[in-house]
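**Q**
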Amino acid sequence: RIMRPDDANIAGNVHGGTILKMIEEAGAIISTRHCNSQAGEPCVAALARVERTDFLSPMCIGEVANVSAEITYTSRHSVEVQVNVMSENILTGAKKVTNKATLWYVPLSLKNVNKVLEVPPIQYVRKEQEDEGKKRYEEQKLDRLETKQRNGDVILPVINPEPHTVGYSQSSLIHLVGPSDCTLLGFVHGGVTMKLMDEVAGIVAARHCKTNIVTASVDAINFHEKIKKGCVITVSGRMTFTSNKSMEIEVFVDADPFVDEPRERYRAVSAFFTYVSLSKEGKPLPVPQLLTETEDEKRRFEEGKGRYLQTKAKRQAQMQEAAQ
Amino acid sequence: RIMRPDDANIAGNVHGGTILKMIEEAGAIISTRHCNSQAGEPCVAALARVERTDFLSPMCIGEVANVSAEITYTSRHSVEVQVNVMSENILTGAKKVTNKATLWYVPLSLKNVNKVLEVPPIQYVRKEQEDEGKKRYEEQKLDRLETKQRNGDVILPVINPEPHTVGYSQSSLIHLVGPSDCTLLGFVHGGVTMKLMDEVAGIVAARHCKTNIVTASVDAINFHEKIKKGCVITVSGRMTFTSNKSMEIEVFVDADPFVDEPRERYRAVSAFFTYVSLSKEGKPLPVPQLLTETEDEKRRFEEGKGRYLQTKAKRQAQMQEAAQ
Amino acid sequence: RIMRPDDANIAGNVHGGTILKMIEEAGAIISTRHCNSQAGEPCVAALARVERTDFLSPMCIGEVANVSAEITYTSRHSVEVQVNVMSENILTGAKKVTNKATLWYVPLSLKNVNKVLEVPPIQYVRKEQEDEGKKRYEEQKLDRLETKQRNGDVILPVINPEPHTVGYSQSSLIHLVGPSDCTLLGFVHGGVTMKLMDEVAGIVAARHCKTNIVTASVDAINFHEKIKKGCVITVSGRMTFTSNKSMEIEVFVDADPFVDEPRERYRAVSAFFTYVSLSKEGKPLPVPQLLTETEDEKRRFEEGKGRYLQTKAKRQAQMQEAAQ
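Protein chains in written order, with the working numbering: chain A, -8 to 315; chain B, -8 to 315; chain C, -8 to 315.
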């Protein structure tokens, strides 16, 4: 589809959140189709996890987004989908890879949303594909368990914060879940949630560095809890770490099922987004350093630094591999 | 949330209707949450009235709207909410107050939409706050009754009107109420209605003066009648009064419950919007005088003049008070 | 993409206008890509005409729309695109053809919107394909000229109309053209215009028969005049003819370039839409007969009857051909 002005920031760069939403919709279609391909209980595939995703090149207003999706692994109860996004300038014909994303879906029964159904197995061309898929499956399962414990944290308001402190840029928005945000099961599409998360993260980043910013990457996101139609969701973000040219922002999504439900407000998702600041020519600019004040902020900064260095090391290893 | 191109006119000024819709959503969330805070029948807060609202400074594309809401009074069956909107230029950090609005909500039972529930009382810091709230409550109750009588008027079509007459700029639009326009109860959000009203009023104003126009203020709006999903609503506006630099437009909302309902078309809301015309530098421009032809038009012009002078006197009194 | 509640009416049937908009977007992408495939002045393909389109089966919320487009003929200055739409129920895997549409695009220079560029020729597998395409090209060219003359008509308001008369159901809406409605050239996408036309035609049909209605077909639409960003467009519809089970509605689109332009209001497009009324089980219902009053209404009724009988005869001929 053609990218419109509302899909982009004022510099004309399409929001990372818009792209994540398209990716998730493609993944949901292909995995729902697959899980219903054999006779049996009808089901809808629900997003369980998105692996770390890099935004390789910015997309602009007027370009066409080509989204392609493929199922690359199935376990008994989950589907791994690989989605590729290419941006195409239909005037020049130039095409660029924008994203490669890996998503995990779980089929939920249409009649009983708490029942996870079985996934029809796929055929692998080579035996190694299955083994590699299984390895990825085990890894993400482990990682899912870890994040579940990390989820207690909240963002408290700060009065009269100093520039470049955590409190200065932290932001939140509330959104009332409407019918078009939801799947056939009446729960929010994972892609809608990610779009809101990217919107808040983008505001945090812009408040911090006051320049044109774009999403550079999103760490793995685990969707532990569904969000129902009619909920109010609060999406909050705070900066956790800055390197010379990047900013890491942690985003929380809390759901308030405030009508018709006995349940308390709960944490539905959390994730780390990385942003860079771009000059008018599209070159990365240095960003102001984050000023940490409390013990917690310093700890989170160190943890962010750890993630940053780990990613950097991994990328260098990949480049060396590719060069060999 | 960040203001997008679709939220604004071609000069980049965010539509007053977009802001009214955000205000109403914030009010609906806080009052629904409050009314469900004690065990009892679940309910949804429905907008009953918005007090007169001034647009203090225009908001632009790319700015972030900060909306904050607070409950300031509760009667037995209604909640008063104060909503403040600030526009923030996240690049410069500049913040400006855009609006201060006061809204009244009524809790309707989720099971029986015609049943008004009781509102849990709030605690006041000082006794005077409660007394002042009670006074505001009584005043708005009186005003609500008055408008109910004023509601019979209709806008008749005019063939081949002269420029600057009432018939020349009068406009109307029809809208089919979709699922995203509605609350959990299946009735149109007050904010959606106000956005459509502002859209029509803006077109009337632009047709009259053929320049860039912005919403300056909205008189108190009373929501007497709910509008159900599936209705067709007709929103019509006509100019009633012009001062040197402002235009007053009366807007009517009529609902046509034409599928599956025995009920006839009915008047759901009406209100007065005031617009100003802005130069490219954002300065108010003189507007062409409205040409009144019929007796009714002349009477409405005089009534509009009365409202204009009253508001002007009130504002001067406030400024003198503030200066002391 | 998955069909959402906002894409459909309350009975769950996706609006014909939503489908027309998807078709036009696919056509615009493929023809813009083709016209820029050779070095030369960059251009954007603008919709010039849509051939008569039948809606073969209704699409529902939750289904996935698969849109595929192919260039089938090129003349020196125009491109013919064939677009097919299939609805897929991803739960059952069932697929149905929803539409087959033929659209004509013209490449306009990005630097000078009034300059029509040359279209790179396509290769045909068989010589007959080129000849047949040329025949279609000549036919549509003729038809385009004819409609140009028909375009002077206006819809006059009627006061207190009787049920089932033309005046009773006639409707109009106004829309301010926003940035997301426009192509890179700053002109309204043909698909956006068709969506608004279908919205008005649907309201006329529903007002007439007060039941659930769906778009059955759209006659050929010619886009003679572009509509610029910032215009106000008025879309008006009136019923022209009823058969036992169908209603024909004529829709006009007028553009008002009222800010910053010397030009007067002008007719941009007009078209005939045919609607049917559906029971809860999806069966066509009888519709109330249209009461014609004036000479013009009677004449338009006869013309509509002519089109109806012509289409019916053509369809029967096709069925006999298919049966042989």
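In this text, a Cβ means the ideal position worked out from N, Cα and C, and glycines have one as well.
Could you list which residues in chain C have their beta carbon closer than 9 Å to that of residue 220 of chain B, in chain order?
**A** 1
**Q** Would you call residue 84 of chain A buried or exposed, if buried means 16 or more other Cβ atoms sit within 10 Å of its Cβ?
**A** exposed
**Q** Could you tell me the boundaries of the beta strand (DSSP E) in which residue 244 of chain C lies?
**A** 238 to 247
**Q** Would you mind telling me which residues of chain A sit closer than 7 Å to residue 55 of chain B, beta carbon to beta carbon, in chain order?
**A** Those within 7 Å of residue 55 of chain B in chain A are 194.
**Q** Bridge partners for residue 228 of chain A per DSSP, in chain order?
**A** A:162, A:242
**Q** Sorted by chain position, which residues of the same chain lie with C-beta nearer than 6 Å to residue 37 of chain B's C-beta, five sequence neighbours on each side aside?
**A** Correct list, in chain order: 97, 99.
**Q** Tell me the residue span of the alpha helix (DSSP H) that contains residue 183 of chain B.
**A** 181 to 200
**Q** By the DSSP assignment, the alpha helix (DSSP H) with residue 11 of chain C in it spans what residues?
**A** Here the alpha helix (DSSP H) through residue 11 of chain C covers 7 to 26.
**Q** Is the beta carbon of residue 355 of chain B sitting closer than 8 Å to the one on residue 265 of chain B?
**A** Outside the shown range of chain B (-8 to 315) lies residue 355 of chain B, about which nothing can therefore be said.
**Q** Excluding the five sequence neighbours on either side, which residues of its own chain have a C-beta within less than 8 Å of the C-beta of residue 69 of chain B, listed in chain order?
**A** 39, 95, 96, 97, 110, 128
**Q** Taking a Cβ distance cut-off of 7 Å, strictly less, list which residues of the segment 136 to 165 of chain B are near chain C, in chain order.
**A** 147, 148, 150, 162, 164, 165
**Q** Evaluate residue 217 of chain C with the Cβ neighbour count: other Cβ atoms within 10 Å of its Cβ, from every protein chain shown; 16 or more gives buried, anything less gives exposed.
**A** buried
**Q** Can you check which of these residues, A:63, A:215, A:220, A:147, is closest to residue 173 of chain B by C-alpha distance?
**A** A:220
**Q** Less than 8 Å between the CB atoms is what I'm expecting for residue 34 of chain A and residue 108 of chain A, so what's the real figure, rounded?
**A** 5 Å
**Q** Tell me, please, whether the segment 296 to 306 of chain A touches the segment 149 to 161 of chain B by the rule of three or more beta-carbon pairs shorter than 8 Å.
**A** no
**Q** From the beta carbon of residue 211 of chain A, is the nearest beta carbon of chain B less than 8 Å away?
**A** Answer no: the Cβ-Cβ gap between residue 211 of chain A and chain B never drops below 8 Å.
**Q** Per DSSP, what kind of secondary structure is residue 369 of chain B in: helix, strand or coil?
**A** Residue 369 of chain B cannot be examined here, being either before or after the span of chain B that is shown, -8 to 315.
**Q** If residue 226 of chain C sits next to residue 244 of chain C, beta carbons under 8 Å apart, how far is it from one beta carbon to the other, in whole angstroms?
**A** Yes, residue 226 of chain C and residue 244 of chain C are in contact; Cβ-Cβ is about 5 Å, under 8 Å.
**Q** Straight-line CA distance for residue 164 of chain A to residue 297 of chain C?
**A** Going by the C-alpha atoms only, they are around 57 Å apart.
**Q** Let me see if you follow: with CB-CB separation under 8 Å, is residue 84 of chain B close to chain A or not?
**A** yes
**Q** For my contact list, residue 41 of chain C and residue 212 of chain C are in at a C-beta cut-off of 8 Å; report their separation, rounded to the angstrom.
**A** 5 Å
**Q** What residue does the beta strand (DSSP E) around residue 277 of chain C start on, and which one ends it?
**A** Premise fails: residue 277 of chain C is in no beta strand (DSSP E) and is neither H nor E.
**Q** Determine, using beta carbons only, whether residue 223 of chain B comes closer than 8 Å to chain C.
**A** yes
**Q** Do you know offhand how far residue 232 of chain C's Cα is from residue 89 of chain C's?
**A** Distance between the alpha carbons of residue 232 of chain C and residue 89 of chain C is about 25 Å.
**Q** For a test of the three-state rule: what should DSSP assign to residue 46 of chain A, helix, strand or coil?
**A** coil
**Q** Enumerate in chain order the residues of its own chain whose CB-to-CB distance from residue 320 of chain C is below 6 Å, with the five nearest sequence positions on each side excluded.
**A** This structure cannot settle anything about residue 320 of chain C, because the visible part of chain C is limited to -8 through 315.
**Q** Using a Cβ-Cβ cut-off of less than 7 Å, give me the residues of the segment -3 to 29 of chain A that come near chain C, in sequence order.
**A** -3, 16, 20, 23, 24, 27, 28
**Q** Under a CB-based cut-off of 8 Å, is residue 167 of chain C close to chain B?
**A** Residue 167 of chain C counts as touching chain B.
**Q** Grab me the residues of residue 91 of chain A's own chain with a C-beta within less than 6 Å of its C-beta, minus the 5 sequence neighbours each way, in chain order.
**A** 75
**Q** Does the beta-carbon of residue 247 of chain B have 16 or more other beta-carbons within 10 angstroms, so that it is buried, or is it exposed?
**A** buried
**Q** May I ask you to report which of helix, strand or coil DSSP gives residue 128 of chain A?
**A** helix
**Q** Consider the Cβ of residue 201 of chain A: report whether some Cβ of chain B lies at a distance smaller than 8 Å.
**A** Interface with chain B (8 Å Cβ-Cβ cutoff): residue 201 of chain A is included.
**Q** Would you say residue 8 of chain C and residue 186 of chain C are within 8 Å of each other, going by their C-beta atoms?
**A** yes
**Q** How many Å lie between residue 120 of chain A and residue 73 of chain A at the Cα?
**A** Going by the C-alpha atoms only, they are around 13 Å apart.
**Q** Let me check one thing: in DSSP terms, what residues is residue 99 of chain A bridge-paired to?
**A** A:35, A:107
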